[in-house]
Structure formats: C-alpha cells, structure tokens
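Please read the structure below before turning to the comments.
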C-alpha cells in the first residue's frame, strides 16, 4: 500500500494534468477544429481522476460539508474545480484562482447581521488542498498539513 505522502503526490500531479487539459479547452473557441477532441480528452481525464480519487475526495468533501454547511448536499469532486487556474507570478509552482470560482455555499456561520456567510469552495494544487473564499479572505480548510481538522485516519 502506498504511503499517504506518495498518494497525495500522485493526486496533485494528476490534478495538475487535469487542469492543464481543462485550460487548453478553455483557450479554444467552440468553432475550433480541435475543440471536440480536447473536450473528449477533458472528459476522459475527469473520469480517470474520479476513478482513482473519487472515493477519497468524496470523503473529504462530505467532512467539509458536515463541518461548514451540513444542510447542503455535496457534489462530485470535479464540481469543485475552478474554471481557470493561473500560475502565480510571485511564487513559482503555485496557482491562483478567482475567489468566485468553485462551488458557492451558505455556511452555518453567521455574519454581523446573523445571515449565513456565503463562501466559494474550490480545489487548488501544489499542494493539493480545498480552499474556502469568503469576504475577500481565503482559508485552506483541508490539505495534508491540516490533520487536526481532516486527516486520512478520520476519513474512514
């Protein structure tokens, strides 16, 4: 059995491959001759990604939803992927996304007017992590370095 570290390294690498193919598709217009071919490639990548990591990611997502928004049903892990990833101009190997990307959720936490706080939940690579964006702030809510919140041991 592979170590957790090796599994996360493969997960991150496969995720980077997936977002590279999605980015290639996003750069094409519908009229481009390669669009259908690349779209099928994206679907194949997503299917393979879900076959390899879907159960693990589902467990993580269910834990996140249980903690932050228990009344909202979780979606397929691929739904949490941002529409566009940009390589960070500051930190080599890191990626940035729009705070409006990912899935919009209303959390169980309240703002000053006692309204649920609306957040965007998305996945980022390098390291692979789930990030929540709310009111201009970004918070990593799961990665391999946050075991006190969501560890592999508590996902079983």
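Numbering (this note's numbering), first residue to last: 1 to 156. Where a beta carbon is used, it is the ideal one built from N, C-alpha and C, also for glycine. Predicted model, so just to flag it, every value in this text is computed and none were measured.
Checklist entry - To the nearest angstrom, how far is it from the Cα of residue 136 to the Cα of residue 54? => result Taking the straight line joining both Cα atoms gives about 30 angstroms.
Next on the checklist: What does the Cβ neighbour count give for residue 120, buried or exposed, with the cut at 16 atoms within 10 Å?
Outcome noted: It counts as buried.
Next on the checklist: Please classify residue 109 as buried or exposed, where buried requires at least 16 other C-beta atoms within 10 Å of its C-beta.
Outcome noted: It is exposed - the Cβ of residue 109 has fewer than 16 other Cβ atoms within 10 Å.
Checklist entry - Distance, Cα to Cα, residue 141 vs residue 31? => result Their backbone Cα atoms lie some 39 angstroms apart in a straight line.
Next on the checklist: Under 8 angstroms, with one C-beta from each stretch per pair, do the stretch 1–14 and the stretch 121–130 reach the 3-pair mark?
Outcome noted: A contact exists between the stretch 1–14 and the stretch 121–130.
Checklist entry - Which word fits residue 131, buried or exposed, when buried means at least 16 other C-beta atoms lie within 10 angstroms of its C-beta? => result Buried, since its Cβ has 16 or more Cβ neighbours within 10 Å.
Next on the checklist: Measuring straight from C-alpha to C-alpha, what distance separates residue 39 and residue 97?
Outcome noted: One C-alpha to the other measures close to 21 angstroms.
Checklist entry - For residue 46, which residues of its own chain have a beta-carbon under 8 angstroms away from its beta-carbon, when the five flanking residues on both sides are left out? => result Spatial neighbours of residue 46 in its own chain (CB-CB distance under 8 angstroms, excluding positions within 5 residues in sequence) are listed in chain order as 18 and 78.
Item to check | Bridge-paired residues (DSSP) for residue 118 | outcome: The partner list for residue 118 (beta bridge, DSSP) reads 106.
Checklist entry - If you run the structure through DSSP and keep just helix, strand and coil, what is residue 58? => result Shown here, residue 58 sits in a helix according to DSSP, grouped into three states.
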